[in-house]
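Residue 327 is where the sequence shown starts when you use our numbering, and the numbers rise one by one after that.
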Amino acid sequence: MMYDFNADDVFEMAQQLERNGARFYRTAAASVKEDTARDLLLQLAGMEDDHEKTFAQMRSQLKDSEKTSTVFDPQSEAGGYLKALADTRIFFEKKIDTSSLGEILKDAITAEKDSIVFYLGMREAVPEKLGRSRLDEVIKEEMGHLRLLSKELVAQKK
327 MMYDFNADDV FEMAQQLERN GARFYRTAAA SVKEDTARDL LLQLAGMEDD HEKTFAQMRS
387 QLKDSEKTST VFDPQSEAGG YLKALADTRI FFEKKIDTSS LGEILKDAIT AEKDSIVFYL
447 GMREAVPEKL GRSRLDEVIK EEMGHLRLLS KELVAQKK
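The following block contains the structure:
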């Protein structure tokens, strides 16, 4: 079945991805011994929480036309489908290598790259009239995550 997503669908997935990311960082933080590493990971988890709120705010500002359902869904199954899609794409039950902060950051960078690729693909699945341009804001947020993580990884190597 062909399914066009709307901006509301993608923001819903974005919020779930951010929740998954926050859980990833908190799990990693709980398994490291070094205080500075734990603090950084908890800070990253907090940033994921903030991004979830940002996406919720962006979602609340969507026009009705950007929330228009694209399929007949009398059983309201689309929400469950979107959650499952988000849950199995990024930060999905990854075994976290906690041998060093550098390894954790590498896993996080991979997840952020995966999320950017995911959103770029989703962008193609959202018709312009359903809010395609709004996805650029999501992608920009995720690219900010990637820059921060890369900067931290470089700092670890010094």
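Think of the CB as a built atom: it goes at the ideal place given N, C-alpha and C, for glycine as much as any other residue.
query                                                                                                                                                                                : result
Do you know offhand how far Lys-379's Cα is from Gln-341's?                                                                                                                          : 8 Å
Start and end of the alpha helix (DSSP H) containing Lys-466?                                                                                                                        : 461–483
Given a threshold of 16 other Cβ atoms within 10 Å of its Cβ, counted over all protein chains shown, does Ala-363 qualify as buried or as exposed?                                   : buried
Over the uninterrupted alpha helix (DSSP H) stretch that includes Asn-346, give me the two end residues.                                                                             : 333–356
Which one of Phe-337, Glu-360 and Gln-369 has the shortest CA to CA distance from Leu-388?                                                                                           : Phe-337
Kindly list the residues whose CB is nearer than 8 Å to the CB of Ser-357, restricted to its own chain and excluding five residues on each side of it in sequence; keep chain order. : Ile-422 and Thr-424
Is Asp-423 helix, strand or coil when you go by DSSP?                                                                                                                                : coil
Tell me the DSSP secondary structure of Gly-447 in three-state form.                                                                                                                 : helix
Please classify Gly-457: is it buried, with 16 or more other beta-carbons within 10 angstroms of its beta-carbon, or exposed?                                                        : buried
Using beta-carbon positions only, say whether Gln-320 and Leu-431 come within less than 8 Å of one another.                                                                          : Residue 320 cannot be examined here, being either before or after the span of the chain that is shown, 327 to 484.
Considering Arg-385, what are the terminal residues of the alpha helix (DSSP H) in which it resides?                                                                                 : 361–386
Using CA atoms only, rank isn't needed, just tell me which of Asp-335, Ala-371, Glu-478 and Phe-350 is closest to Asp-390.                                                           : Asp-335
Around the Cβ of Val-452, are there at least 16 other Cβ atoms within 10 angstroms (buried) or fewer (exposed)?                                                                      : buried
Can you tell me the Cβ-Cβ gap for Ala-354 and Glu-374, rounded? I've got them flagged as a contact below 8 Å.                                                                        : About 12 Å separates the two Cβ atoms, so there is no contact after all.
Do the CB positions of Ile-442 and Ile-465 come within less than 8 Å of each other?                                                                                                  : yes
Excluding five sequence neighbours on each side, which residues of the same chain lie with their C-beta closer than 7 Å to the C-beta of Glu-438?                                    : Glu-468, His-471, Leu-472 and Leu-475
With distances taken from CA atoms, which of Ser-386, Glu-478 and Asp-376 is nearest Glu-429?                                                                                        : Glu-478
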